[in-house]
Amino acid sequence: MTTLTSRPKAVVARLGARGWLTLITLCGATFMVGLDYSVVTVALPAIGRDLGFEGAGRLQWVATACLLPTASLIPLFGRVSDLVGRRRLFVLGVSLFTVMSVVAGSALSPGMLIGARVGQGVAAAMIGPTALALLTSVFPEGPRRTRALGVNGALLSLGFVVGTIGGGVITSGFDWRWTMALLAVMGAAILLGALTLLPRDGGRSAAALDVPGALLSSAGLFALVYGISTGGENGWTAPSTVGSLVAAVLLLAGFAVAESRHRSPLIPLGLLRRRNVAWSGLVGFVTFGMCGGATLLLSLYMQDGLGYTALQTGLGFLAEGVAALVGGLLAARLIGRFGAVAVIAVGLAVQAIGTGAMAGLPEGGNLAMLLVTSGAMGFGHVLAVVAFITTMTAGAHDDEQGVLGSLAQLPQNVGAIGVAVLAAIAAGAGLPAAFAVAGIVTAVGGTVGVAFLRR
Numbered sequence: 007m008t009t010l011t012s013r014p015k016a017v018v019a020r021l022g023a024r025g026w027l028t029l030i031t032l033c034g035a036t037f038m039v040g041l042d043y044s045v046v047t048v049a050l051p052a053i054g055r056d057l058g059f060e061g062a063g064r065l066q067w068v069a070t071a072c073l074l075p076t077a078s079l080i081p082l083f084g085r086v087s088d089l090v091g092r093r094r095l096f097v098l099g100v101s102l103f104t105v106m107s108v109v110a111g112s113a114l115s116p117g118m119l120i121g122a123r124v125g126q127g128v129a130a131a132m133i134g135p136t137a138l139a140l141l142t143s144v145f146p147e148g149p150r151r152t153r154a155l156g157v158n159g160a161l162l163s164l165g166f167v168v169g170t171i172g173g174g175v176i177t178s179g180f181d182w183r184w185t186m187a188l189l190a191v192m193g194a195a196i197l198l199g200a201l202t203l204l205p206r207d208g209g210r211s212a213a214a215l216d217v218p219g220a221l222l223s224s225a226g227l228f229a230l231v232y233g234i235s236t237g238g239e240n241g242w243t244a245p246s247t248v249g250s251l252v253a254a255v256l257l258l259a260g261f262a263v264a265e266s267r268h269r270s271p272l273i274p275l276g277l278l279r280r281r282n283v284a285w286s287g288l289v290g291f292v293t294f295g296m297c298g299g300a301t302l303l304l305s306l307y308m309q310d311g312l313g314y315t316a317l318q319t320g321l322g323f324l325a326e327g328v329a330a331l332v333g334g335l336l337a338a339r340l341i342g343r344f345g346a347v348a349v350i351a352v353g354l355a356v357q358a359i360g361t362g363a364m365a366g367l368p369e370g371g372n373l374a375m376l377l378v379t380s381g382a383m384g385f386g387h388v389l390a391v392v393a394f395i396t397t398m399t400a401g402a403h404d405d406e407q408g409v410l411g412s413l414a415q416l417p418q419n420v421g422a423i424g425v426a427v428l429a430a431i432a433a434g435a436g437l438p439a440a441f442a443v444a445g446i447v448t449a450v451g452g453t454v455g456v457a458f459l460r461r
């Protein structure tokens, strides 16, 4: 087994034509899910006018209805993929996502659209961990896997930027329904690639699904993300918010107890005791939570502070997207030359510097500074993401890849904690203070995570 601090030889990973097509299929699914989140956010005002949503609070459920099932069901589907087959679950997830995109684009009422968005969220929970598990099982540990993870990380970040810009262009020039049509076409293409390129699953596992663990984890994560997502609007001391967060603590504590007693747990606690899994998970929560929060704050700075339109704001994130793409493509070479833990350290340091420097953005705007700081954040973030997933999955058995895929996906979806914390700081102390906190937390969290990974 490769040690965490070893430095594999710097090898250029050559995938071949079939390898690249397989990679495009799997990473295309990740890109599609990221695109879905951002394109809908930009289209919300047009959706509200067209379908007659009453109030911004109810309209926000178009986004929240997708986020909640995704975040709460990821551990369940990560384990299910190990039991019934990753290809089967991936194909089912992409099929469901495609159908729900057609339903969303054809929605005649708010209820119909929100129902379709719930379906998209369930599908995304199937796609996320299985796509990652297929990447780490189809591409063996080493330069090929690292390169595949680099492309995946780059497209995940690029999906956000393309969705923000493309959503603004499509909504302004055509109709918001075309964004759903685009997702449906992408889903159909990815489904075709999955059916023709992905290796068939072997026999089903004889292990039983941990039903109590599945119920407790799903309910606990649902309560956690719901409480955090609605706390800013309802108030952090509101009964619904406090009740959700208390329920989340109790349910997740019950989940931990149940896992320690089950013969075939949803998430084997032994995995969480592995140093590379536990501390890579911390790195994941830090980089996703702080980057996601800073991105939201940057959007507020551009739209509320500088008066940018949605399309101009999307273009303002172009540097972040391009830098993330470059970071993802360079990650494999850097990890091959210096090792994954060293790249985590560099990535989080660059992200911390870029995020912290945003505290100096002037009220009147400074385009060059905005592009440089957001580009640094995006570049460092993707380096850290690729490196922490490489570290987390190192030395794992094939039958653990689905669970590890879900653990690697959780920080991205539960990163709403970071968004909520930074938004609260910005509301109380201003945007500069929130940016400064994001930079400090990234630096401190990265230092702690890297220190324990090196031990």
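When we follow the working numbering, the leftmost residue of the sequence shown carries the number 7, and every step to the right adds one. Note that CB positions come from ideal geometry on N, CA and C, so glycine has one too. Remember, it's a predicted structure, so these values are computed and weren't measured experimentally.
Taking the Cα of Gly-165 as reference, the smallest distance to any Cα among Gly-452, Tyr-43, Val-420 is reached at Tyr-43.
Across the set Ser-143, Val-443, Gly-452, Met-38, the C-alpha of Ser-143 shows the shortest separation from the C-alpha of His-403.
Buried is the label assigned to Trp-182, since at least 16 other Cβ atoms lie within 10 Å of its Cβ.
Residue burial annotation: Glu-239 is exposed, with fewer than 16 other C-beta atoms found within 10 angstroms of its C-beta.
Counting only the Cα atoms, Arg-24 lies some 28 Å from Phe-385.
In the DSSP annotation of this structure, the continuous segment of the alpha helix (DSSP H) that includes Tyr-43 starts and ends at 22-57. Assignment of Gln-357 by DSSP, reduced to helix, strand and coil, places it in the helix class. In this structure, Val-124 lies near Ala-71, with their beta-carbon atoms less than 7 Å apart.
Leu-377 places its beta carbon 7 Å or farther from that of Ala-442. Within the region 268-314, the runs of alpha helix (DSSP H) that reach at least 4 residues and sit entirely inside it are, in chain order, 275-279, 281-306. Taking 4 residues as the minimum length, the alpha helix (DSSP H) runs contained wholly in the region 334-409 are 346-363, 373-398, in order along the chain. Contact between Met-186 and Gly-127 does not hold, since their C-beta atoms are separated by about 14 Å, which reaches or exceeds 8 Å. In the three-state reduction of the DSSP assignment, Trp-67 falls in the helix class.
In this structure, the CA atom of Ala-433 is about 12 Å from the CA atom of Val-425. Taken atom to atom, the span from the alpha-carbon of Val-45 to that of Gly-313 is near 20 Å.
With a beta-carbon spacing of about 16 Å, Thr-36 and Thr-396 fall beyond the 8 Å limit used to define contacts.
Excluding sequence positions up to five before and after Pro-75, its CB lies within less than 7 Å of the CB of Val-124, Gly-127, Val-128, Ala-131, all in the same chain and listed in chain order. By the CB criterion at 7 Å, Gly-408 and Ala-137 fall outside the cutoff. By the criterion of a C-beta distance shorter than 6 Å, Leu-354 is surrounded in its chain by Ala-390, Thr-448, Gly-452, once the five residues flanking it on both sides are discounted. Pro-245 and Ser-101 have their alpha carbons spaced roughly 39 Å apart.
Scanning its chain for C-beta atoms nearer than 6 Å, with the 5 sequence neighbours on each side dropped, one finds around Val-289 the residues Ile-350, Phe-394, Gly-455, in chain order.
Distances from the CA of Gly-334 to each of Pro-368, His-387, Leu-79, Leu-27 were compared; the closest alpha carbon is that of His-387.
Counting along the chain, the unbroken alpha helix (DSSP H) around Trp-184 starts and ends at 183-203. Three or more Cβ pairs closer than 8 Å define a contact, and the region 90-105 falls short of that threshold against the region 221-232. Taken through DSSP and simplified to helix, strand or coil, Asp-88 comes out as helix. Between Leu-317 and Arg-150, the alpha-carbon positions lie close to 37 Å from each other. Selection Leu-459, Leu-413, Val-68 evaluated against Val-48 yields Val-68 as nearest (Cα-Cα). Around the CB of Asp-310, fewer than 16 other CB atoms lie within 10 Å, so the residue is classed as exposed.
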